[in-house]
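One structure is given below, encoded as structure tokens.
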Amino acid sequence: MAEETYAFSRLEDALHRTKSLLWPFRWGVWLRLALIALFVGGGVSLPNTSGYNFGEGDLPPGVEGALPGITAIVVVLILVVLALALIWWIIGTVMQFVFVDMLRTGDIHVRPFFGERLGKGARLFLFEAALTLILILAMIAFILMLVGLGGSGGGGVAFILLFIPFILVAALLFGIIFLLTHDFVVPIMIHEDCGVIEGWQRLFGMISGNVWQTVAYIVTRFVLGLVAGIVQAVLVILAMLIIAIPFVLIGIVLLAAAVANYVLLLALLIPYLIIAIPVALLIAVPFVTFFRYYGLLVLEKFAPEYRLLPE
651 MAEETYAFSR
661 LEDALHRTKS
671 LLWPFRWGVW
681 LRLALIALFV
691 GGGVSLPNTS
701 GYNFGEGDLP
711 PGVEGALPGI
721 TAIVVVLILV
731 VLALALIWWI
741 IGTVMQFVFV
751 DMLRTGDIHV
761 RPFFGERLGK
771 GARLFLFEAA
781 LTLILILAMI
791 AFILMLVGLG
801 GSGGGGVAFI
811 LLFIPFILVA
821 ALLFGIIFLL
831 THDFVVPIMI
841 HEDCGVIEGW
851 QRLFGMISGN
861 VWQTVAYIVT
871 RFVLGLVAGI
881 VQAVLVILAM
891 LIIAIPFVLI
901 GIVLLAAAVA
911 NYVLLLALLI
921 PYLIIAIPVA
931 LLIAVPFVTF
941 FRYYGLLVLE
951 KFAPEYRLLP
961 E
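Quick note on our numbering: the sequence shown kicks off at 651 and runs consecutively.
Below, the structure is given as structure tokens:
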């Protein structure tokens, strides 16, 4: 008899548990899981002026003197955005643990678990930040090396284009590390009350004898994630279009009555986004719930001692 493939055998159970949790519909459960989805779910090109030197008369009167103030405002805005992104990232790592706690206990509330998991979330954040920094620095160093080998002209660009597949492979490997960390290491950290490194050590011990099972899970998880991403994107786009209908009609009426201006029309975006963003998060709830259940169920097949979900 062929060996059971965990990645396939746990799909039905994950679907069943997702349906049991989310149906019948309960607003409290869906809204709290939508908050989880907000955190655990997921450039602007500027004109090239390198060949042009601004002269004293190129800027409008008064703008040149205001440039230092404008620059300071831009810097402050960038720092604020970075600070908010950092806070968002930290909350997201804590929510990874809160999500598992909610499913393993059946208590779909954020507050009882958030404070308890701040420490582990901070450890996970530092781990992810270190990996991200390593990846960025490695890619920058690699590109600079290729440019140096190929020269600053077309040769450097050719080298970069030639080695793009290698950069993509490196990004894929880091993506797999993040995937296994969220799906397996986080539950192990909860069960063993340990840190990220110790959690990875235990995971290595588990998957070393189940290499093909692990490969099957990664491939299946990637394919399912791709399909789910497409389905979710289609549903969100349809929902956004439906929600936009009354706002478009209101805008048309205002334009026809000649009482609308661009500011008023842009103001319609505020109530639209207030409605559209929660709807998009609610659409994401079944997807994030299924994948969290799926990872926990496959983990317990790897090592029954890490059974976190109730029977």
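Note that beta-carbon positions come from the ideal geometry of N, C-alpha and C, so glycine has one too. These numbers were taken from a predicted model, which means no experiment stands behind them.
Around P960, the same chain offers R754 and G756 as residues with beta carbons nearer than 8 Å, after the five sequence neighbours per side are excluded. About 12 Å separates the Cβ atoms of V744 and R761, ruling out a contact at the 8 Å cut-off. Take the alpha-carbon of E778 and the one of C844: they are about 16 Å apart.
Under the three-state reduction of DSSP, F747 is assigned to helix. Pairing L829 with I880 gives a Cβ-Cβ distance that is not under 8 Å. Boundaries for S858: no alpha helix (DSSP H) harbours it, and the DSSP string shows neither H nor E there. Taking 8 Å as the cut-off, the beta carbon of L736 is found no closer than this to the beta carbon of Y944.
Under the three-state reduction of DSSP, R676 is assigned to coil, being neither helix nor strand.
Judged by DSSP secondary structure, A934 falls within the alpha helix (DSSP H) whose first and last residues are L919 to F952. Taking the C-beta atoms as reference points, V938 is found no nearer than 8 Å to A733. Burial check for V935: the Cβ neighbour count within 10 Å reaches 16 or more, so the residue is buried. Assignment of R660 by DSSP, reduced to helix, strand and coil, places it in the coil class. By a beta-carbon distance limit of 8 Å, I827 does not contact V750. Their separation comes to about 18 Å.
Counting other Cβ atoms within 10 Å of its Cβ, F941 reaches 16 or more and is therefore classed as buried. When rounded, the separation of the alpha-carbon atoms in V948 and S659 is 9 Å.
For A820, the enclosing alpha helix (DSSP H) begins and ends at I814 to L830. For P960, no alpha helix (DSSP H) encloses it, and the DSSP letter there is neither H nor E. Sequence-distant partners of F775 (beyond 5 residues in either direction) whose C-beta falls short of 7 Å from its own C-beta, in its chain, are W739, I740 and T743. Only residues of its own chain outside the window of five on either side were considered, and among them I741, G742 and M745 have a CB closer than 6 Å to the CB of F689, listed in chain order. Cα atoms of L665 and E842: separation of roughly 27 Å, rounded to the nearest angstrom. Between M752 and V884, the alpha-carbon positions lie close to 28 Å from each other. I817 places its beta carbon less than 8 Å from that of F792. Where F764 is concerned, the enclosing alpha helix (DSSP H) starts and stops at R761 to F764. Scanning I902, V898 and I933 for the CA closest to the CA of P921 turns up V898. Nearest to Q882 by C-alpha distance, out of A930, P674, V731 and E955, is A930.
Excluding sequence positions up to five before and after T668, its CB lies within less than 8 Å of the CB of P936, T939, F940 and Y943, all in the same chain and listed in chain order.
Under the three-state reduction of DSSP output, D833 falls in the helix class. Taken through DSSP and simplified to helix, strand or coil, E848 comes out as helix. By the Cβ-count criterion, P837 is buried, with 16 or more other Cβ atoms from all chains shown falling within 10 Å of its own Cβ. G849 sits buried, since 16 or more C-beta atoms from the chains shown fall within 10 Å of its C-beta. 8 Å or more divides the Cβ of L672 from the Cβ of I758.
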